[in-house]
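J.:
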Amino acid sequence: MRHVLSPETGARFAAITLGHVGREYPNKPDHTLSGPEDARTPATLHPVFFGSYDWHSCVHGYWLLARMLRRFPDGAEAPAIRTLFDRQLVPAKVAGECAYLAAPTARGFKRPYGWAWLLKLADELRRLPEPRWGEALAPLAEIFAQRFRDFLPIATYPVRVGTHFNTAFGLRMAADFAAGGGDAALLALLRDTALRWYGEDTDCPAWGEPSGDDFQSSALIEAECMRRLLPPGEFLPWFDRFLPRLAEQQPATLFRPAAPSDRSDGKIAHLDGLNLSRAWCFRALAAALPDGDLRCAPMRAAAERHLDASLPHLLDDYMGEHWLASFATLALEA
Numbered sequence: 001m002r003h004v005l006s007p008e009t010g011a012r013f014a015a016i017t018l019g020h021v022g023r024e025y026p027n028k029p030d031h032t033l034s035g036p037e038d039a040r041t042p043a044t045l046h047p048v049f050f051g052s053y054d055w056h057s058c059v060h061g062y063w064l065l066a067r068m069l070r071r072f073p074d075g076a077e078a079p080a081i082r083t084l085f086d087r088q089l090v091p092a093k094v095a096g097e098c099a100y101l102a103a104p105t106a107r108g109f110k111r112p113y114g115w116a117w118l119l120k121l122a123d124e125l126r127r128l129p130e131p132r133w134g135e136a137l138a139p140l141a142e143i144f145a146q147r148f149r150d151f152l153p154i155a156t157y158p159v160r161v162g163t164h165f166n167t168a169f170g171l172r173m174a175a176d177f178a179a180g181g182g183d184a185a186l187l188a189l190l191r192d193t194a195l196r197w198y199g200e201d202t203d204c205p206a207w208g209e210p211s212g213d214d215f216q217s218s219a220l221i222e223a224e225c226m227r228r229l230l231p232p233g234e235f236l237p238w239f240d241r242f243l244p245r246l247a248e249q250q251p252a253t254l255f256r257p258a259a260p261s262d263r264s265d266g267k268i269a270h271l272d273g274l275n276l277s278r279a280w281c282f283r284a285l286a287a288a289l290p291d292g293d294l295r296c297a298p299m300r301a302a303a304e305r306h307l308d309a310s311l312p313h314l315l316d317d318y319m320g321e322h323w324l325a326s327f328a329t330l331a332l333e334a
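In UniProt numbering, the protein residues as written are 1 to 334.
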């Protein structure tokens, strides 16, 4: 693989992210007003995650920083990351985030994308040698874990779009939190839900990919979700049925990188994220296949093409700058 997460790349991604997690404006809040008293600034609504244009991007920006701190504890940006975490990941500010979620109007706030990223952040923080940040965030993580427990049993159908509402992505990321914390009951719920939603899927045509604002492949993230949640003896037969012609690079649309036409348009800029998230899934799925499997080479080559298409554009415009490095990290580490 030509593209890897080196210390230099990690420092670059951390510097990009430090430049936006504390940037309050521009901001796109996902906020319901019940009355005039609810018209508040982002930092008042969200004492921790007020930057990065929107709450969920700020959360996965913090995840990237925690990841880089664990991978490269002596990296160039490590002191700045520790300073940020000591200032922001403290009980009083986390309590403000928890208080926001107590409002009835916040029941569906950031479901499932933000829920999943918050749990992914919590899992990363508890792997660091400094326990104070993970301990501070734990009450907020438990709220979102409970929201998964409450929501999944009543969610009759999955959501298969290539945007924030995709349910396979939510299950996939929450699985790391459940497994890392030894929460067998939550992990079983995630697995059972994945089987209920996706277990009978076969011969995926991927005909709707890409749509104009996708940043995930609905086909590949479903496969990555099942890879993460099923044991190999169950996943591999499912994968054979779900995408049976990958060795022939079919469906062809999955193997062609998307081409954003205007990276200053926030929705069109999503297509760079699609390329990066496809690369993540292709790499992770190929790594799960047996040695010598004919699907591996075309999948890995496709991952490199997708990375070539979008890695050079992380800083082209703030519409991508405030979030793309997180998906680049997923891809480079897969």
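Note that CB positions come from ideal geometry on N, CA and C, so glycine has one too.
For Pro91, which residues of its own chain have a beta-carbon under 7 Å away from its beta-carbon, when the five flanking residues on both sides are left out?
T.: Counting only Cβ-Cβ distances below 7 Å, and skipping sequence neighbours, we find Ala136.
J.: For Ile221, count the other beta carbons within 10 Å of its own beta carbon; 16 or more makes it buried, fewer makes it exposed. Which is it?
T.: Burial call: buried.
J.: Please state if the CB of Ala175 and the CB of Leu187 are separated by a distance shorter than 8 Å.
T.: Result yes, Cβ atoms of Leu187 and Ala175 sit closer than 8 Å.
J.: Quick one: grab the DSSP three-state call for Trp117.
T.: If DSSP states are grouped into helix, strand and coil, Trp117 belongs with the helices.
J.: Buried or exposed for Met319, going by 16 or more other Cβ atoms inside 10 Å?
T.: Result: buried.
J.: Would you mind working out which of Leu274, Asp272, Met299 sits nearest Leu285, comparing C-alpha positions?
T.: It is Met299.
J.: For the candidate residues His313, Gly273, Leu246, Trp117, whose alpha-carbon lies nearest to that of Val59?
T.: If we check each option's Cα against that of Val59, Trp117 comes out closest.
J.: Do the region 151 to 159 and the region 74 to 92 make contact, defined as three or more Cβ pairs closer than 8 Å?
T.: Counting Cβ pairs under 8 Å, fewer than three are found: no touch.
J.: In angstroms, rounded to a whole number, what distance separates the CA positions of Arg172 and Ala138?
T.: Cα to Cα, the separation comes out at about 20 Å.
J.: Roughly how many angstroms lie between the CA atoms of Ala179 and Gly134, to the nearest whole one?
T.: Near 16 Å, if we compare the C-alpha coordinates of Gly134 and Ala179.
J.: So for Leu294, helix, strand or coil by DSSP?
T.: DSSP places Leu294 in coil when its eight states are reduced to three.
J.: Assign Asp272 to buried or exposed, taking buried as 16 or more other Cβ atoms, counted over all protein chains shown, within 10 Å of its Cβ.
T.: Counting Cβ neighbours within 10 Å, Asp272 comes out buried, since at least 16 surround it.
J.: Would the region 248 to 268 and the region 303 to 310 be scored as touching if the rule is three or more Cβ pairs under 8 Å?
T.: Judged by Cβ distances under 8 Å, the region 248 to 268 makes contact with the region 303 to 310, as three or more pairs qualify.
J.: Which residue from Leu84, Trp55, Arg245 puts its Cα closest to that of Lys110?
T.: Ranking Leu84, Trp55, Arg245 by Cα distance to Lys110 puts Trp55 first.
J.: Starting from the Cα of Arg227, find the closest Cα among Thr105, Pro131, Ala168 and give me that residue.
T.: Of the listed residues, the one whose Cα sits closest to Arg227 is Ala168.
J.: Would you call the region 71 to 81 in contact with the region 28 to 42, where contact means no fewer than 3 C-beta pairs closer than 8 Å?
T.: No: the two stretches stay apart, fewer than three of their Cβ pairs being nearer than 8 Å.
J.: Run through DSSP, which three-state label would Gly170 get?
T.: Here Gly170 sits in helix by DSSP.
J.: Gln146: buried (16+ other C-beta within 10 angstroms of its C-beta) or exposed?
T.: Exposed, because fewer than 16 other Cβ atoms sit within 10 Å of the Cβ of Gln146.
J.: Quick check on the DSSP output: the alpha helix (DSSP H) that includes Ile143 runs from which residue to which?
T.: 131 to 151 is the span of the alpha helix (DSSP H), which, as asked, contains Ile143.
J.: Determine the contact status of Arg23 and Gly51, defining contact as a CB-CB distance below 8 Å.
T.: Yes, Cβ-Cβ distance for Arg23 and Gly51 is below 8 Å.
J.: Compute the beta-carbon to beta-carbon distance between Leu140 and Glu97, rounded to the nearest angstrom, for a pair I have assumed lies under 8 Å.
T.: The pair is a contact, with the Cβ atoms about 5 Å apart (cut-off 8 Å).
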